[in-house]
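Residue numbers (the working numbering): 784 to 921.
The beta-carbon is built from N, C-alpha and C at its ideal position, and this holds for glycine as well.
For clarity, every value in this text was computed on a predicted model and none was experimentally measured.
Since the structure comes first, as structure tokens, the remarks are kept for the end.
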Amino acid sequence: KRGDRKKRVAKGIVYGKPTNQGINKWKSVRNLRSIAEERVGRKCGSLRVLNSYWVAQDAVHKWYEVVMVDPFHTVIRNDPRINWICKPVMKHRELRGLTAAGRKARGLLKKGKRATKIRPSYRAVYRRHSLMRLRRYR
């Protein structure tokens, strides 16, 4: 569904600091296209998600078409341009944010100096910045 997300709390009560008391204005971290890929990837577990594209939208919903590939089809396995998707490491790319929509949600469309805080991932950068490296005399 389009629009903001709503914080799931009992009776609309948030126990904590005022900065966290909002209920209605929470933005989704990932984009709707990435969520659509994930849903269809869970539903059709034997197929691999290749990509997706926007089809239509109205006031409430957005519709995407998701391109999926059967990794055990003979034509796919024999075609050198697409048989990379048959490798076991390509299972559920959409759940790990490796499709185009997932990479965009992770901020990985940027390169070079603009991407210093998001590559290889924001968790890895956080870990790298948090690690204390002390030089010592040997």
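Boundaries of the beta strand (DSSP E) around serine 835: 831-840. Only buried fits tyrosine 847, as 16 or more other CB atoms lie within 10 angstroms of its CB.
The beta-carbon separation of valine 852 and arginine 886, rounded to 18 Å, does not stay under the 8 Å limit for a contact. Annotation note: the stretch 839-921 contains the following uninterrupted alpha helix (DSSP H) runs of length 4 or greater, listed N- to C-terminal: 857-861, 883-888 and 905-913. Shown here, arginine 785 sits in coil according to DSSP, grouped into three states, outside any helix or strand.
Nearest in C-alpha terms to aspartate 841, of all of Arg879, Asn861, Lys784 and Phe855, is Lys784. Separation of the CB atoms of isoleucine 901 and leucine 891 is rounded to 7 Å, and the pair is thereby assigned contact status at 8 Å.
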